[in-house]
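Per numbering that gives the first Met the number 0, residue 0 is the first one in the sequence shown, and the count goes up by one each step.
A virtual CB, placed ideally from N, CA and C, is assigned to each residue, including glycine.
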Amino acid sequence: MNKKTILSLVDKVVKVDRGGPESRVGKVLAAKDDYFILLTEDDGIIYYNIQHIKSITYNSKKQMDFNVVIPRDFEYIQADDFKGVLEKLSLHWVKINRGGPETLEGVMDVVTDEVITIVANEEIIHLAMFHIRNISYGVKIEKTKDTKNNNAKKEAKTEAKTDTNNQENTN
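Written as structure tokens, this is what we have:
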């Protein structure tokens, strides 16, 4: 993936990677030389290292669902390069390589050219910069009210079905 391709997708809703635990749908907010920023409904802001992206899908006919309204004063960390983002996340709670078996959560401590250090509980973890596919921190935007109401209705229906099934099984 290159910056030019991703720049053409800024302000569009895309799917990063085709499937699997690392796959996410969100709105591309910005693109730099070696990373881009994706806003997702569930995970908030995610910074993707471009060299690890296998695919980005944009449906030109039918937009993918994205029910987040971005406030005008919404702020998030930006830097000239991916290492700069990591440096600005120092002393923040972060989640690295979200979704896969290499997921790591903790407080970002030290960032060097080769390695970052994360403190997680009593562990001090040194992770090679090359192996960071994506990183996020606590910035999220509330979903629109309609989405919240629809999700609440779906949960209520699921609970009602579960209760009905449980009653049938006990009879």
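Self-check item: Neighbourhood of residue 178 by C-beta distance below 7 angstroms, restricted to the same chain and skipping five residues each side
Solution: This structure cannot speak to residue 178, because the chain is shown only from 0 to 170.
Self-check item: Cβ shell of residue 125 (< 6 angstroms), same chain only, five flanking positions each side left out
Solution: Closer than 6 angstroms at the Cβ level, and outside the excluded window around residue 125, lie 114 and 116.
Exercise. Taking residue 4 as part of the alpha helix (DSSP H), name the residues at either end of that continuous run.
Key: Membership of residue 4 in the alpha helix (DSSP H) is indicated by the continuous run 2 to 6.
Quiz prompt | Complete alpha helix (DSSP H) runs within the stretch 17 to 92 (minimum length 4 residues, chain order) | solution = Fully enclosed alpha helix (DSSP H) runs of no fewer than 4 residues occupy 81 to 87 of the stretch 17 to 92, in order along the chain.
Practice problem: Specify, as a first and last residue, the run of the beta strand (DSSP E) that residue 108 falls within. | Solution: Residue 108 -> beta strand (DSSP E) spans 103 to 110.
Quiz prompt | Same chain, Cβ closer than 6 angstroms to residue 91, neighbours up to 5 away in sequence not counted | solution = Cβ neighbours of residue 91 within its own chain (closer than 6 angstroms, five residues either side excluded): 107 and 136.
Quiz prompt | Endpoints, the beta strand (DSSP E) within which residue 133 is located | solution = Per DSSP, residue 133 belongs to the beta strand (DSSP E) from 133 to 136.
Quiz item: In angstroms, rounded to a whole number, what distance separates the CA positions of residue 130 and residue 101?
Solution: Taken atom to atom, the span from the alpha-carbon of residue 130 to that of residue 101 is near 9 angstroms.
Exercise. Quick one: give me the first and last residue of the beta strand (DSSP E) that residue 125 is part of.
Key: Where residue 125 is concerned, the enclosing beta strand (DSSP E) starts and stops at 122 to 127.
Quiz item: From which residue to which residue does the beta strand (DSSP E) around residue 118 run?
Solution: Where residue 118 is concerned, the enclosing beta strand (DSSP E) starts and stops at 114 to 119.
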